[in-house]
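Residue numbers (the numbering used here), protein chains in the order written: chain A, 16 to 127; chain B, 1470 to 1585.
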C-alpha cells in the first residue's frame, strides 16, 4: 500500500497547548493535504501544500513538508476544545492527481 | 447549496442482499469518489470517476459497482452484501482533479452500513 502513516495515533493535550501531528509517505507526491474529521462526520479539507513548498500557514494551522524525508507535520497552535477531532493526511501519487491516499489518522483530544 | 449529499445515513443488510448507496453533488464537480472507513484505518478508495461516463477502480473495488450517467450523481452498488462490507462509506467530489489546485475533496456525511 502507498498509504501514508501518521504519528502519533492518538494525542491528548491541555487547552491552550500546541499540538503537532506527523505524516510520512513512501513515494514522490504532487501535493499533500490535511483533513479534519469530527466524530460521526465527513472529512473537511484544512490545507494543501505543494511538493515545491516547504511551509504553509492558515490561521492557527502551520504545515511543513520535507520531501527529502518524505514527511509532513501539522501544527495547531493555542489549541481549543473544539479542535478535538481526527486529523488525516492525504497524498496524491498519480501524475494525474486522480487518487488521494489517506493516512490512518491522529485522534486529537483537547482537555479543558 | 447542499454540497455532497449521501443517502441513506444508516442501513442494515442481511448477507447476500444488494443495495445502492446514493451520492449527489450540486457543485458541478467533475471528480467524484467513494471511500470506506473502517475502525483504526484511514479511508480507502473504492471507485472514482473523472467525469460522466468515466469510472475507474480504486484500492478496494471488489464487491462494488459504480456508474456515472450524470455529473451530479455517483451511486455505489453492493452486489451481494458480505459482513466484511460493514463500514462507513463516504462519497466525495472535487472540482479540480488535475492541475494547480490539487484534488481538494468535499465529503458527504457518510452512510453507516452493517451487514449481518
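Note that CB positions come from ideal geometry on N, CA and C, so glycine has one too.
DSSP puts residue i in a beta bridge; with which residues?
| i | result |
| --- | --- |
| residue 71(A) | 78(A) |
| residue 1523(B) | 1520(B) |
| residue 1564(B) | Note: residue 1564(B) sits in no beta bridge, so no partner. |
| residue 1534(B) | 1546(B) |
| residue 91(A) | 34(A) and 76(A) |
| residue 1582(B) | 1480(B) and 1556(B) |
| residue 15(A) | Nothing about residue 15(A) can be read from this structure; chain A reaches only from 16 to 127. |
| residue 121(A) | 102(A) |
| residue 83(A) | BP columns for residue 83(A) are empty, so no partner. |
| residue 1473(B) | 1494(B) |
| residue 1576(B) | 1561(B) |
| residue 1529(B) | Paired residue(s): none; residue 1529(B) is not in a bridge. |
Please say whether residue j and residue i have beta carbons closer to each other than 8 Å?
| i | j | result |
| --- | --- | --- |
| residue 77(A) | residue 63(A) | no |
| residue 125(A) | residue 30(A) | yes |
| residue 94(A) | residue 28(A) | yes |
| residue 1527(B) | residue 1548(B) | no |
| residue 121(A) | residue 102(A) | yes |
| residue 1564(B) | residue 1498(B) | yes |
| residue 1432(B) | residue 1491(B) | Within the shown structure, residues of chain B are numbered from 1470 to 1585, placing residue 1432(B) beyond reach of any answer. |
| residue 9(A) | residue 96(A) | In the structure as shown, chain A starts at 16 and stops at 127, and residue 9(A) therefore has no counterpart that could be examined. |
| residue 99(A) | residue 80(A) | no |
| residue 47(A) | residue 106(A) | yes |
At a Cβ threshold of 8 Å, is residue i touching chain D?
| i | result |
| --- | --- |
| residue 72(A) | Annotation note: the requested chain D is absent from the structure, which comprises protein chains A and B. |
Compute the minimum distance between the beta carbon of residue i and the heavy atoms of the ligand HEM, and state whether it is under 7 Å.
| i | result |
| --- | --- |
| residue 97(A) | This structure lacks the ligand HEM; in fact it carries no ligand of any kind. |
message: At a CB distance below 9 Å, what residues from the region 1506–1517 of chain B approach chain A? Give them in sequence order.
response: 1506, 1509, 1510, 1511, 1512, 1513, 1514 and 1517
Which runs of the beta strand (DSSP E), 3 residues or longer, sit entirely within the region 1487–1519 of chain B? 1488–1494 and 1500–1506
Query raised in the report: Okay, do the region 26–41 of chain A and the region 74–87 of chain A touch, 3+ Cβ pairs below 8 Å being the bar?
Result: yes
For the region 20–76 of chain A, list the beta strand (DSSP E) runs that are entirely contained and at least 3 residues long, ordered along the chain.
20–22, 25–29, 34–39, 46–52, 58–65 and 70–73
If contact is defined by three or more beta carbon pairs under 8 Å, each pair taking one atom from either stretch, is the region 56–71 of chain A in contact with the region 1481–1499 of chain B?
no
Exercise for the section: Check whether the region 1503–1513 of chain B touches the region 1470–1484 of chain B, counting contact only when three or more Cβ pairs, one atom from each stretch, lie closer than 8 Å. Expected result: no
TODO: Check each residue of the region 1534–1548 of chain B: if its Cβ is closer than 7 Å to any Cβ of chain A, include it; give the result in chain order.
DONE: none
_the region 86–108 of chain A: positions lying closer than 7 Å to chain B by Cβ_ = 103 and 107
Short of 7 Å Cβ to Cβ, which residues in the region 1549–1562 of chain B face chain A? 1559
Using a Cβ-Cβ cut-off of less than 9 Å, list which residues of the region 1480–1492 of chain B approach chain A; keep chain order. none
Item to complete: Note down, in chain order, all residues in the region 50–62 of chain A with a beta-carbon under 9 Å from any beta-carbon belonging to chain B.
Response: 50, 52, 55, 56, 57, 58, 59 and 60
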